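In the working numbering, the protein residues as written are 1 to 61.
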């Protein structure tokens, strides 16, 4: 998905965070940072997966 502005991207993330909160899940600031980096093309899909995996492993401990 392509966003026209950073504001539009932020709105989409806030909506996703609200939806996940209903299910009892949260998006941390660190998660939000890598999501934005992926969506804006600053990191590759492979980098995103590696970073997300590292975050998930830390969250489980």
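No residue lacks a Cβ here, since even glycine has one placed at the ideal position from N, Cα and C. For clarity, every value in this text was computed on a predicted model and none was experimentally measured.
For residue i, three-class secondary structure by DSSP
i	result
residue 4	coil
residue 25	coil
residue 38	helix
Limits of the alpha helix (DSSP H) - the one that residue i falls within
i	result
residue 49	45-60
Short CB-CB distance (under 8 Å) between residue i and chain C
i	result
residue 60	Within the model displayed, chain C is absent; a lone protein chain is all it includes.
At least 3 beta-carbon pairs within less than 8 Å: the region 51-60 vs the region 25-32: yes
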